[in-house]
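Numbering of the sequence shown is given in my numbering, commencing with residue 13 and proceeding in unit increments.
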Amino acid sequence: MKIVIAGGTGFIGNKLIDLFLQEGHEVIVLTRKVRPSSNNLSYVVWLEDNTSPEKEIGNADVFINLAGVSINDGRWTEKHQKQIYDSRMVATYELLRIISEMPQKPSVFINASAIGIYPVSLNNVYTEDSTDMPDDFLGRTVHDWEKKAKRAEEFGIRTVFMRFGVVLGNDGGALPLMALPYKLFAGGTVGSGKQWVSWIHVVDVVRAILFAVRSERLRGPVNVTAPFPLRMKEFGKTIGSVLGRPHWIPAPSIAMRMALGQKSKLVLEGQKVLPKVLLEKGFDFEFPKLESALRDLLT
Numbered sequence: 013m014k015i016v017i018a019g020g021t022g023f024i025g026n027k028l029i030d031l032f033l034q035e036g037h038e039v040i041v042l043t044r045k046v047r048p049s050s051n052n053l054s055y056v057v058w059l060e061d062n063t064s065p066e067k068e069i070g071n072a073d074v075f076i077n078l079a080g081v082s083i084n085d086g087r088w089t090e091k092h093q094k095q096i097y098d099s100r101m102v103a104t105y106e107l108l109r110i111i112s113e114m115p116q117k118p119s120v121f122i123n124a125s126a127i128g129i130y131p132v133s134l135n136n137v138y139t140e141d142s143t144d145m146p147d148d149f150l151g152r153t154v155h156d157w158e159k160k161a162k163r164a165e166e167f168g169i170r171t172v173f174m175r176f177g178v179v180l181g182n183d184g185g186a187l188p189l190m191a192l193p194y195k196l197f198a199g200g201t202v203g204s205g206k207q208w209v210s211w212i213h214v215v216d217v218v219r220a221i222l223f224a225v226r227s228e229r230l231r232g233p234v235n236v237t238a239p240f241p242l243r244m245k246e247f248g249k250t251i252g253s254v255l256g257r258p259h260w261i262p263a264p265s266i267a268m269r270m271a272l273g274q275k276s277k278l279v280l281e282g283q284k285v286l287p288k289v290l291l292e293k294g295f296d297f298e299f300p301k302l303e304s305a306l307r308d309l310l311t
């Protein structure tokens, strides 16, 4: 297959490229910087003046959109929130424009999304069937992002929204910061400890994307989370256990809010999200439980 990836130079994108190349596919990465191509991997400049990436792409079988300013970088000032939102809208609009210019459309459009589309809750359980939506920055951003990407269906393209949970990896994502206090013998419960962490190993993220590409009947929202989420207290205890470190110094909510501002919601609030669609379609998680995922990443 010929696969186009926007946002392919990030934490998830790099691993996804490696997987596709191992599978023998041709990969085109849309990027703002000129990069050298090699074997089945090439780079095409986009979102710059006087560029027409559709001319270099030609036809393609798959489009994958991972593009957007990271929600983990910097404080959530009004300016940064605008950058997070606008980057997703602009990138998705440009991908749709590129597709509109292609005589032969791709068969599938995979768009990144997030479980932030579900409200925070200590008691509710969310699947792809859930329709409640929070009235906050993340909820609005994800809702509008999916709405924009859904326009790919107007071209007759199967469209999938991969709603990522807390992605765990040892060279990006949330885990390095979560594990650091434990490595310094200062780990403990964050906030109340009752908030849910719907996590997933990055290996299962890229495997789930490949699964979505191959599953011709899969469309719409897909929760990309492990089947066994944990509350924050148990999550932290498991990190401590795997690293052989104590879980004892708490990080109060007020301290987290002072340190992170609005972004503290990412660690102080959460939701219990289950991957109903992946399980029903027969996806086999390599790391369904947290301890095995952390042992793979931290030891």
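For each residue, glycine too, the CB sits at the ideal point set by N, CA and C.
Note that the structure is predicted; figures quoted are calculated from it, not measured.
Examine the Cβ distances between the stretch 273-285 and the stretch 121-136 and report whether three or more of them are shorter than 8 Å.
yes
Considering only C-alpha positions, which residue in the set T89, K45, V102, L196 is nearest to S54?
K45
Mind pulling the beta strand (DSSP E) runs of 3 or more residues that sit fully within the stretch 211-251?
211-213, 232-236
Less than 9 Å between the beta carbons of A211 and F173, yes or no?
Note that residue 211 is Trp in the sequence shown, not Ala. No, the pair does not count as a contact, with Cβ atoms beyond the cut-off.
Answer yes or no: do V120 and T171 have a C-beta to C-beta separation smaller than 9 Å?
yes
Can you list the alpha helix (DSSP H) stretches of 4 or more residues lying completely in the stretch 54-79, in chain order?
65-69
Does the beta-carbon distance from I69 to V56 come in below 9 Å?
yes
Leaving out five residues on either side along the sequence, give the residues of the same chain with a beta carbon under 8 Å from the beta carbon of V132.
P146, Q207, K277, E281, G282, Q283
Evaluate contact between the stretch 159-167 and the stretch 175-193, counting only Cβ atoms and requiring at least three cross-stretch pairs below 8 Å.
no
Could you work out which residue in S64, K249, R307 is closest to T201 when comparing CA atoms only?
K249
Would you check if the stretch 140-158 and the stretch 87-106 touch, i.e. whether three or more CB-CB distances between them fall below 8 Å?
yes
With a cut-off of 8 Å, do at least 3 Cβ pairs link the stretch 252-265 to the stretch 231-243?
no
Quick check: G177 and P262, are their CB atoms within less than 9 Å of each other?
no
Do you know offhand how far R243's Cα is from G205's?
6 Å
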